[in-house]
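Structure (structure tokens):
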């Protein structure tokens with residue numbers, strides 16, 4: 113079945129640095145990638161939607177200059193947390209969707225800790 | 318406004334028993350989809366079952382079934398013959414067209430299920 117490979121699974125970074133999270137669709141073309149954030153014991157909150165070759169659409173309250181999303185190819189989407197701060201510590205998870213396909217394939221998630 | 322409501326923050330069930338996890342939703346669209354996902358402590362999202370708004374029969378997938386009551390806007394998940402490995406967070410989610418996010422899933426707050434021996 114469809115697989116989205118998400119890396120890294122865990123990352124610890126220093127405050128002020130940037131962290132890049134990658135999501136690769138391995139056996140399908142993800143025309144759309146959804147990026148979610150999840151705080152401990154909370155729900156998944158949609159951060160942004162990206163379509164291949166287009167600028168991402170961000171949800172209200174999500175800083176697009178802080179959470180840079182690139183979806184330059186049908187098999188790779190990246191989320192870069194710029195100038196990370198401790199409050200950015202969270203679980204980030206992507207979900208890929210192919211064209212004409214209403215199914216969702218989730219990555220395994222990235223646990224980010226900013227110290 | 319919350320579109321997916323899961324009113325049970327935590328549930329207990331004894332092994333081999335059945336358990337129902339509640340989910341109600343709010344939408345004005347005629348075409349929508351309802352999903353249930355399992356999230357173990359590792360964090361991965363495991364797809365369990367899907368129900369389309371036009372599906373007349375309740376969806377079933379092995380030990381999982383979805384009790385779809387369209388008029389009441391509820392989509393409860395029933396897990397039969399619970400196993401210890403079923404202990405996890407369970408999320409109900411809805412797909413509906415949205416001008417901003419396309420067809421993103423909206424998730425409920427989740428229910429933490431603990432299966433006891």
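Protein chains in written order, with the working numbering: chain A, 113 to 227; chain B, 318 to 434.
Virtual Cβ for every residue (Gly too), placed ideally from N, Cα, C.
All values derive from a computational prediction rather than experimental measurement.
Reduced DSSP category for residue i - H, G, I as helix; E, B as strand; rest coil
| i | result |
| --- | --- |
| residue 113/A | coil |
| residue 199/A | helix |
| residue 402/B | helix |
| residue 350/B | strand |
| residue 377/B | strand |
| residue 131/A | strand |
| residue 151/A | coil |
| residue 415/B | strand |
Nearest-angstrom Cα separation, counted from residue j out to residue i
| i | j | result |
| --- | --- | --- |
| residue 194/A | residue 134/A | 14 Å |
| residue 438/B | residue 205/A | Look at the range of chain B in this structure, 318 to 434, and you will see that residue 438/B is not part of it. |
| residue 139/A | residue 198/A | 35 Å |
| residue 326/B | residue 225/A | 26 Å |
| residue 335/B | residue 188/A | 41 Å |
| residue 358/B | residue 211/A | 31 Å |
| residue 115/A | residue 137/A | 6 Å |
| residue 347/B | residue 392/B | 15 Å |
| residue 171/A | residue 390/B | 26 Å |
| residue 323/B | residue 119/A | 30 Å |
| residue 426/B | residue 321/B | 8 Å |
| residue 429/B | residue 155/A | 11 Å |
| residue 220/A | residue 432/B | 24 Å |
| residue 386/B | residue 130/A | 47 Å |
| residue 371/B | residue 384/B | 14 Å |
| residue 421/B | residue 333/B | 35 Å |
| residue 141/A | residue 331/B | 42 Å |
| residue 337/B | residue 388/B | 19 Å |
| residue 374/B | residue 339/B | 18 Å |
Cβ-Cβ separation, residue j to residue i (assumed contact under 8 Å), whole Å
| i | j | result |
| --- | --- | --- |
| residue 217/A | residue 207/A | 7 Å |
| residue 344/B | residue 413/B | 5 Å |
| residue 411/B | residue 350/B | 7 Å |
Minimum Cβ-Cβ distance from residue i to chain A less than 8 Å
| i | result |
| --- | --- |
| residue 350/B | yes |
| residue 421/B | yes |
| residue 408/B | yes |
| residue 413/B | no |
| residue 328/B | no |
| residue 385/B | no |
| residue 379/B | no |
| residue 360/B | yes |
Residue-chain proximity (residue i, chain B), Cβ-Cβ < 8 Å
| i | result |
| --- | --- |
| residue 158/A | yes |
| residue 161/A | yes |
| residue 216/A | yes |
| residue 223/A | yes |
| residue 205/A | yes |
| residue 151/A | no |
| residue 189/A | no |
Between the stretch 364-382 of chain B and the stretch 394-404 of chain B, do at least 3 Cβ pairs fall closer than 8 Å? yes
Quick one: any contact between the stretch 157-172 of chain A and the stretch 134-146 of chain A, if contact means 3 or more CB pairs under 8 Å? yes
Tell me whether the stretch 165-183 of chain A and the stretch 118-126 of chain A touch, counting them as touching only if at least three CB pairs, one residue from each stretch, are closer than 8 Å. no
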